[in-house]
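Novice:
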Amino acid sequence: MEALKRRMAEAAENRRREADWDFIMSQPPEIARALIHLIETGDLLASARLASMNPVEFDYLRVRARIVYDI
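Quick note: numbering that gives the first Met the number 0 has the sequence shown finishing at residue 70, numbered continuously throughout.
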């Protein structure tokens with residue numbers, strides 16, 4: 000269990016480090032919150048719902064924001 004928590008924390012830190020924060024913060028608040036949620040959780044589907052977008056459209060924003068996403 001500890002190994003899983005450590006791995007999830009490392010993944011979130013990697014997403015934080017690699018993300019294009021200027022792009023993220025230039026988005027409308029709802030979209031920025033959803034992108035930050037993705038960075039913190041890695042949950043693409045929940046983040047897309049927060050942004051009121053379908054997952055394919057949201058994934059396009061993820062790429063533009065340079066958020067690493069491992070399936």
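All residues carry an ideal CB built from backbone N, CA and C; glycine is no exception. Computed from a prediction, not measured in an experiment: that's the story for all the values here.
Under 7 Å, do Ser46 and Leu37 count as touching if we go by C-beta distance?
Specialist: For Ser46 and Leu37, yes; Cβs fall inside 7 Å.
Novice: In whole angstroms, what is the alpha-carbon distance linking Asp19 and Met0?
Specialist: Answer to the nearest angstrom: the Cα atoms are 31 Å apart.
Novice: Mapping the DSSP letters down to three states, classify Met7 as helix, strand or coil.
Specialist: Reduced to three states, the DSSP call for Met7 is helix.
Novice: Note down the Cα distance separating Val62 from Arg15, rounded to an integer number of angstroms.
Specialist: Val62 and Arg15: Cα-Cα distance of roughly 14 Å.
Novice: Could you tell me the distance, in whole angstroms, from the CA atom of Ile35 to the CA atom of Ile23?
Specialist: Roughly 8 Å separates the two Cα atoms.
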